[in-house]
Amino acid sequence: MYIDSHCHINFPELAARMPEILATMAANKVTHALCVSVDLPDFPQVLALAKEYPHIYASVGVHPDYEDTPEPSVDQLVELSQHPKIVAIGETGLDYFRLQGDLEWQRERFRVHIRASRITRKPLIIHTRSASADTIRIMQEEGAGTDKGGVAGVMHCFTESLEVAEAAIAMGFYISFSGIVTFKSAKELQAVARAVPLDRILIETDSPYLAPVPHRGKMNEPGFVCHVAEYLAALKDVPLATVAQQTTDNFFNLFKIIRDNVEVDSAP
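For the sequence shown, the tail end lands on 268 under our numbering, and the numbers increase by one without skipping.
Take a look at the structure:
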């Protein structure tokens with residue numbers, strides 16, 4: 001089986017097709033998904049999905065790209081994360097690609113999320129783009145990793161260097177690969193994926209974005225995460241069943257989720 005460790009199925013283009021989305025997940029043996037929060041105004045929708053569907057989990061956080069949105073406080077994030085279906089803090093981090101100028105507000109927002117993670121003991125979902133040096137620095141300064149008393153988390157939709165991956169892994173983080181790794185142009189990322197140990201890897205769609213080959217150019221959805229697993233298995237020259245089982249185990253271990261009654265089949 002497979003798990004989509006990062007998706008946005010509350011976004012209107014996917015929420016409107018929920019029966020179809022869930023059916024495709026089932027057909028492709030995608031048994032669970034984590035619906036990730038990007039701002040506080042839309043958080044109730046994220047939580048509602050997690051409450052309605054036993055195999056959907058959720059996070060709470062404010063994305064670094066959302067400039068004109070209510071700023072979260074540590075206390076708010078701690079309070080909103082108390083529901084048992086909220087298993088992570090984020091998505092948070094830094095993005096110097098889409099936004100320029102004085103981004104100190106973005107760095108402070110990142111610190112707020114890390115502090116909430118340390119209090120709640122819930123893992124972080126970290127977004128970093130064109131900002132890896134500051135991302136790692138702030139993670140270290142705020143004690144995000146297990147090496148400094150934090151609970152670590154996942155570097156989502158990873159596109160950085162092997163050195164960045166190794167720095168995150170040293171802090172106890174997992175590395176999550178999206179459909180980008182299947183793109184022909186992603187040679188450097190594929191080399192990173194080949195080097196990262198399988199016991200530190202998660203798979204995701206980041207849907208509705210970044211559909212993997214063979215669906216590239218289409219709207220992405222959680223059911224397509226199987227293609228990321230298939231590509232990683234070929235890239236690392238290991239059985240697909242091994243990738244499916246290990247990434248599933250990694251998900252449950254990281255987010256401290258007790259396995260439910262969904263049958264775990266050793267074959268994908």
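Think of the CB as a built atom: it goes at the ideal place given N, C-alpha and C, for glycine as much as any other residue.
Measuring only the C-alpha atoms, how far is residue i from residue j?
i, j, result
"K85", "E160", "30 Å"
"F110", "D199", "26 Å"
"V30", "Y96", "33 Å"
"R118", "H83", "17 Å"
"I136", "A168", "7 Å"
"V62", "L124", "12 Å"
"H156", "A116", "18 Å"
"S59", "I89", "6 Å"
"M227", "I258", "Contrary to the premise, residue 227 reads as His rather than Met in this sequence. Distance between the alpha carbons of H227 and I258 is about 26 Å."
"A16", "M1", "25 Å"
"I203", "H55", "16 Å"
"P268", "A27", "The pLDDT assigned to P268 is 34, lower than 50, so where the model puts this residue is not dependable; a value taken from the coordinates is nonetheless given after this. Straight-line Cα distance between these residues: approximately 11 Å."
"P70", "L40", "7 Å"
"V38", "E91", "6 Å"
"V196", "H113", "26 Å"
When you compare each of the options to residue i by their alpha carbons, which one comes out closest?
i, options, result
"E163", "I175, A152, E91", "I175"
"E230", "V196, R216, T92, T182", "T182"
"E67", "V46, T248, Q106", "Q106"
"R129", "L103, L94, N253", "L94"
Once the 5 residues before and after residue i are set aside, which same chain residues still bring their CB inside 8 Å of it?
i, result
"M171", "M139, Q140, A144, G145, T146, D147, K148, G150, A152"
"Q246", "L198, D199, I201"
"S132", "E160, S161, V164"
"T242", "L198, A233"
"S266", "Confidence at S266 is low in this model, with a pLDDT of 30, below 50, so its placement is unreliable and the value that follows should be read with caution. Here the set comprises A241, Q245."
Just checking my contact of residue i with residue j at CB under 8 Å: how many whole Å lie between their CB atoms?
i, j, result
"Y57", "F255", "7 Å"
Excluding five sequence neighbours on each side, which residues of the same chain lie with their C-beta closer than 6 Å to the C-beta of residue i?
i, result
"S5", "L34, S176, L202, E204, F251"
Among residues of its own chain, excluding the 5 on either side of residue i, which ones have a beta-carbon nearer than 7 Å to its beta-carbon?
i, result
"V78", "A116, I119, T120"
> Do three or more CB pairs link the segment 8 to 16 to the segment 26 to 43 at distances below 8 Å?
Replying inline: yes
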